[in-house]
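Structure first, commentary second.
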Amino acid sequence: MYFPILNTMKGYSIDEILFKKLDCWLGTRRLATRKFLNPLNFSIDTGIDAEVAMYIFALCTQTNINILKVKYVVECRNCNHICGKYYSTGDIPRKISCSDCGISIDVNEDDIKIWFELIQEPEAHPFPTTMKNVIEGVYDLGKQIASVHLI
Numbered sequence: 001m002y003f004p005i006l007n008t009m010k011g012y013s014i015d016e017i018l019f020k021k022l023d024c025w026l027g028t029r030r031l032a033t034r035k036f037l038n039p040l041n042f043s044i045d046t047g048i049d050a051e052v053a054m055y056i057f058a059l060c061t062q063t064n065i066n067i068l069k070v071k072y073v074v075e076c077r078n079c080n081h082i083c084g085k086y087y088s089t090g091d092i093p094r095k096i097s098c099s100d101c102g103i104s105i106d107v108n109e110d111d112i113k114i115w116f117e118l119i120q121e122p123e124a125h126p127f128p129t130t131m132k133n134v135i136e137g138v139y140d141l142g143k144q145i146a147s148v149h150l151i
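Counting from 1, one number per residue, gives the positions in the sequence shown under this note's numbering.
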C-alpha cells in the first residue's frame, strides 16, 4: 500500500475494496496534482458513487487518518482567477480583490471551491513479484540507453 494508514478505515466499516482503490488512486497522483484533489474525480476514475467518494475523502481528514486536508479556494466570478486559498472557513474574508482583473468581490458560497490536499507522501510501491529478477534494455529508438537491475 502507498498509505498503510488507510487500513484504519476498516474501523469505519468501509469496504476494503474502496480504501484500496483510494490508496492506489492517491498513490499514483502526479506531484503537481496532489494539492488539488477532488472526490468527484476519484468517483469518475474508479466508478465509486460520488457521495461515497466524498464521505471517504472527509474521513481522510480525521486526525486518526490525516492524509488529506480540506482547502477552500476563492475564485473570481469575473475571470476565474484564484484570489485566495484557505484551510479554514473562518479564515475566508468576506470581501476580496482579484489581483488579475481588479474587481472587488463580496465572497459567497458560489465563489468558494472545495479541494483536498494530500499532506502525506506515499510510501514506495514495490514491483510485483513477477518482476523480481532483472529488467534490462531500456531503449530509445532502438539504441540501448540504460539497464536497470532490481536487487
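Virtual Cβ for every residue (Gly too), placed ideally from N, Cα, C.
With DSSP collapsed to three states, give me the class of residue i.
i: F116; result: strand
i: S88; result: coil
i: N7; result: helix
i: Y12; result: helix
i: V70; result: strand
i: E75; result: strand
i: S104; result: strand
i: S43; result: helix
i: C98; result: coil
i: C60; result: coil
Pick from the options: whose alpha carbon is nearest that of residue i?
i: D15; options: I56, N78, H81, Y86; result: I56
i: F36; options: N64, T63, V70, L18; result: V70
i: I112; options: Y87, G102, I119; result: Y87
i: T33; options: V107, W115, F19; result: W115
i: Q62; options: Y12, S97, T28, L18; result: Y12
i: M54; options: V74, L18, K85, N64; result: L18
i: Q120; options: C60, K10, T8; result: C60
i: N38; options: Y72, T8, K10; result: Y72
Report yes if the CB atom of residue i is closer than 8 Å to the CB atom of residue j, and no otherwise.
i: I153; j: I5; result: Nothing in the structure corresponds to residue 153, since the chain is present only between 1 and 151.
i: Y2; j: L26; result: yes
i: I65; j: C83; result: no
What does a CB cutoff of less than 7 Å around residue i pick up in its chain, not counting 5 residues either side in sequence?
i: D100; result: C76, C79, H81
Ordered along the chain, which non-local residues of its own chain (more than five positions away) have a Cβ less than 8 Å from that of residue i?
i: I96; result: V74, C83, G84, S104, I105, V107
i: V52; result: L18, S43
i: R29; result: L37, L118
Are the region 87-103 and the region 37-50 in contact at 8 Å, needing three or more beta carbon pairs?
-> no
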